[in-house]
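Asker: Just remember that the numbering used here sits 10 ahead of the position in the sequence shown, which is counted from 1.
Quick one: structure below, then a few questions.
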Amino acid sequence: MSTTMTFTIDGKPCIAEQGSYILGAAKQNGIYIPSLCNIDGVAPRGSCRICTVKVNDKLMAACSTPVTEGMTIENDTEELREIRSQILELLFVEGNHFCPSCEKSGNCELQALGYRFKMMIPRYPYQFPMREIDAAMPKLVKDHNRCILCKRCIRAIKTDDGKNLFAFKDRGHKLTISIDPSLASTITDELAERAAKICPVGALLKKEVGFAQPIGTRTYDLEPIGAEVERAGTAK
Ligand code: FES
């Protein structure tokens, strides 16, 4: 029995292994679908919805929807670009994202998507919430102003003995990422680095490092987010 499936994205014939999700399968076929909460190799949660695509006229999260044989997927359409722009603008106004003063600038996926979607002034009013900056830990700074609640840190960062370092605290508009207080003081440099890297924005930053990589040389200073995937696609 064949282990591959055929499907189309915006009319382009694609192939994927059985069990693939749309987002990963698109990437393998050189098609970029924007994502924020997804992490390669970690079970998807579908929480940010920036990867929204259309399958059989229904809006679906590409990261958590498995590909099926013969599936017809819409990705790069006017309607979907508009939906993704709205989600992006909501994420920007809901927090306090002041890119010029953020250490993650140039390596921030939210900022890079803002550029990719040519975002100017959001259509929604800025909320300017009052949020805490937690600098009490020895290795990490946690800035809730920039957190987009994507859960990447909760899902991907574990201690060496498999304990979750991060968890959600409170509910509704008070929902925040918290760190187990008994583990916070034991975070190693390596773990702090991993946490800062897995965070798509500047909500988790490693202490004692600042602007080690000069502005202008950072990942998305050099090329737009998704360019690598699209380049691989045109080389096929
Ligand atoms: Fe799919 Fe966030 S990347 S919902």
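For every residue, glycine included, the Cβ atom is placed at its ideal position computed from N, Cα and C.
In this text, all values refer to a predicted model and were calculated from it rather than measured experimentally.
Using three-state DSSP, classify Cys160 as helix, strand or coil.
Answerer: Sequence index remark: in the sequence shown, residue 160 carries index 150 (1-based). Looking at Cys160 - three-state DSSP - the assignment turns out to be coil, as it is neither helix nor strand.
Asker: Using only the alpha-carbon positions, how far apart do Arg228 and Ile235 sit?
Answerer: For the purposes of this step, residue 228 is taken as residue 218 along the sequence shown, with counting starting at 1. For the purposes of this step, residue 235 is taken as residue 225 along the sequence shown, with counting starting at 1. If I take the Cα positions, the gap works out to 12 Å.
Asker: Between the Cα of Gln223 and those of Gly116, Thr244, Arg133, spot the shortest distance and give me the residue it belongs to.
Answerer: Along the sequence shown, read from residue 1 onward, the residue named residue 223 stands at position 213. Measuring from the Cα of Gln223, the nearest candidate turns out to be Gly116.
Asker: Excluding the 5 residues flanking Ala35 on each side, which residues of the same chain have their C-beta closer than 6 Å to its C-beta?
Answerer: Within the sequence shown, numbered from 1, the residue matching residue 35 stands at position 25. Same-chain partners within the cutoff: Ala26, Val77.
Asker: Select from Arg241, Gly80, Glu84 the residue whose C-alpha is nearest the C-alpha of Met70.
Answerer: Stepping through the sequence shown from its first residue, residue 70 is reached at position 60. When only C-alpha atoms are compared, the closest one is Glu84.
Asker: Under a three-way DSSP split, which group does Phe102 fall into?
Answerer: Translated into positions along the sequence shown, residue 102 becomes position 92. Three-state DSSP puts Phe102 in a helix.
Asker: According to DSSP, Ala71 sits in a beta bridge with which residue or residues?
Answerer: As a first step, residue 71 is located in the sequence shown; it is residue number 61 there, counting from the start. Ala71 pairs with Thr62.
Asker: Could you compute how far the alpha carbon of Glu46 sits from the alpha carbon of Cys61?
Answerer: Taking the sequence shown and counting its residues from 1, the one referred to as residue 46 is at position 36. Taking the sequence shown and counting its residues from 1, the one referred to as residue 61 is at position 51. The question names Glu, but residue 46 is Leu in the sequence shown. If I take the Cα positions, the gap works out to 8 Å.
Asker: Short of 7 Å in beta carbon distance, which residues of its chain neighbour Arg252, apart from the five on each side in sequence? Order them along the chain.
Answerer: Limits of the chain in this structure are 11 at one end and 246 at the other, which puts residue 252 out of reach.
Asker: Let's test the definition: count the other Cβ atoms within 10 Å of the Cβ of Asn48 and tell me whether it reaches 16, buried, or not, exposed.
Answerer: Walking along the sequence shown from the start, residue 48 turns up at place 38. Looking at its Cβ environment, which holds 16 or more other Cβ atoms inside 10 Å, Asn48 is buried.
Asker: Would the C-beta of Arg94 count as close to the ligand FES, meaning under 6 Å from any of its heavy atoms?
Answerer: As a working mapping, residue 94 is identified with position 84 in the sequence shown. Answer for Arg94: no, Cβ out of range of the ligand FES.
Asker: Is the distance from the Cβ of Phe17 to the Cβ of Met81 below 7 Å?
Answerer: For the purposes of this step, residue 17 is identified with residue 7 of the sequence shown, where counting begins at 1. For the purposes of this step, residue 81 is identified with residue 71 of the sequence shown, where counting begins at 1. Cβ atoms of Phe17 and Met81: closer than 7 Å.
Asker: So does Leu101 have its beta carbon nearer than 6 Å to some heavy atom of the ligand FES?
Answerer: Within the sequence shown, residue 101 is the residue found at index 91, counting from 1. The answer is no for Leu101.
Asker: Taking contact to mean 3 or more Cβ pairs, one atom from each stretch, closer than 8 Å, check whether the segment 211–225 and the segment 146–154 are in contact.
Answerer: Enough Cβ pairs lie closer than 8 Å, so yes.
Asker: Tell me whether Lys179 sits in a helix, a strand or coil according to DSSP, three-state version.
Answerer: For the purposes of this step, residue 179 is identified with residue 169 of the sequence shown, where counting begins at 1. Note: Lys179 maps to strand in three-state DSSP.
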